[in-house]
Structures are given as C-alpha cells and as structure tokens.
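In my numbering, the protein residues as written are 88 to 319. Glycine is no exception: its CB is placed at the ideal position from the N, C-alpha and C atoms.
The following block contains the structure:
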C-alpha cells in the first residue's frame, strides 16, 4: 500500500527557515499579474498530463530548465523523467495544473511511485543534500514578488524525500502550510483563506537546500509516476 513519509521535526524546521528566503520568488518577480481562474478549471482531469505544466513560466521564461512543458503519459497516470546527472542539464521546479476555489475542501492527496535503481533527487544548488517534494497551491493575481508572499502556499509540514517505490503525500487544508516567506498559515489566516478562495493553480514543487521550489535533478535515471491526485 502507498505510505506517507514526512521529514523529522528538526528537518522541517530547517526547511521552514530556508523557505523564509522565498520558496521560489527570490529575484524572479516579472511584474506580470496572473489572470483569475478560468471557468471549469476545477473540473479538469488531474490524470491527464496535458492539464499539467512543468514550470513555472515567468516573463516567458521556463524555470524548469530543459524540461518539456507537460509530463508524459503513463499506463498508471503520468510521469516525469528527471534530468541527470548535473544541474547544468536541467531541473524540475513546479508541477501544477489550473484549479478553482479550494474553499470548503479538506485535503490534497497525491499517490505516486518512484522508479530508479540507485539514483536520488538532489537540490539544484545543494547536490550534497536530499531533494524534496512539497504540495503547493497559488492564488490568482500573483506577480511572484515578495509583495505577494501570501499568494503562494507550501505544505511544508508534509514535505517528502521521494524514495524508490510507492508512496502517498497528503496535506490538510487547514494547517501545516507556509507562505513564500515562511509564515505559517495559522499566523496569517486571512491571507491563507483568501488564497484558498481564489486558488489558481495547484500541484507540487521540487527543491531542498535553499528553498522548497528551487528545483531538483537526479543523480541517475529517476522516474516519478503520479498514479492519483485528488482534492477532497
């Protein structure tokens, strides 16, 4: 059965501190305001890889270097082949799809499987550390600057280190989230609730080291297969 693996409290604290430098906003504001969610976005099939974007794309630039725009189809869902063996040939940062309001929803659950022999994920700028994966959602209207820090939310309390085999990652939508600058949702309930109400994209981010969404690559062949993604 899929199992859930969370980091120890000490590692989570370190992640929260690193996220305070921005989970993926440092020096990447492009001044472009995002549009509101499109009608019907909440009904898109999360198992259709064409509905997902490997990015983010800011000011016309792909931030997941040398990656395709969409995951590939797989008999069990969809898959991402991580670049390897070095940061110079690419990395995966954000994997998201359009969504509608998340108000009234209770949790996000993603089931996945990792296929690899002996490779591991590593943060783009910290290859001596372990790469991480974190559930994420974003409010419409974000321009990726620190002024909009309450528009990007990361389920830091349930950050995973993807390992070979099947697993599940789950995050409740009432606690355990941090904003781009590391502020807990419990300390900014107004901002968090507004982001839930005007949610624009949802998915997960890859990173570790200096930020939850600053990108990761693999030390060898490494395939992530998403077998289920649910908002309940």
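- Excluding the 5 residues flanking it on each side, residue 241 has same chain C-beta neighbours closer than 6 Å at 110, 221, 223, 265, 299, in chain order.
- Where residue 296 is concerned, there is no enclosing alpha helix (DSSP H), because DSSP gives it neither an H nor an E.
- Residue 238 is positioned such that its CB atom lies closer than 8 Å to that of residue 282.
- Taking a cut-off of 8 Å for Cβ pairs, the region 139 to 153 and the region 197 to 204 do not touch, as fewer than three such pairs fall below it.
- Straight-line spacing of the CA atoms in residue 153 and residue 261 works out to 35 Å.
- If you ignore the 5 residues before and after residue 275, its C-beta comes within less than 7 Å of the C-beta of 237, 266, all in its own chain and listed in chain order.
- Looking at the DSSP output, residue 290 shares a beta bridge with 183, 223.
- For residue 278, the CB contacts under 6 Å within the same chain, skipping 5 residues up- and downstream, are 237 in chain order.
- Here residue 167 really is in contact with residue 182; their C-beta atoms are around 7 Å apart, less than 8 Å.
- Taking the Cα of residue 210 as reference, the smallest distance to any Cα among 295, 317, 315, 318 is reached at 295.
- The C-alpha of residue 133 lies about 25 Å from the C-alpha of residue 308.
- Distance from the Cα of residue 250 is smallest, within the candidate group 229, 280, 225, 218, for 218.
- By the C-beta density criterion, residue 229 is buried, having at least 16 other C-beta atoms within 10 angstroms.
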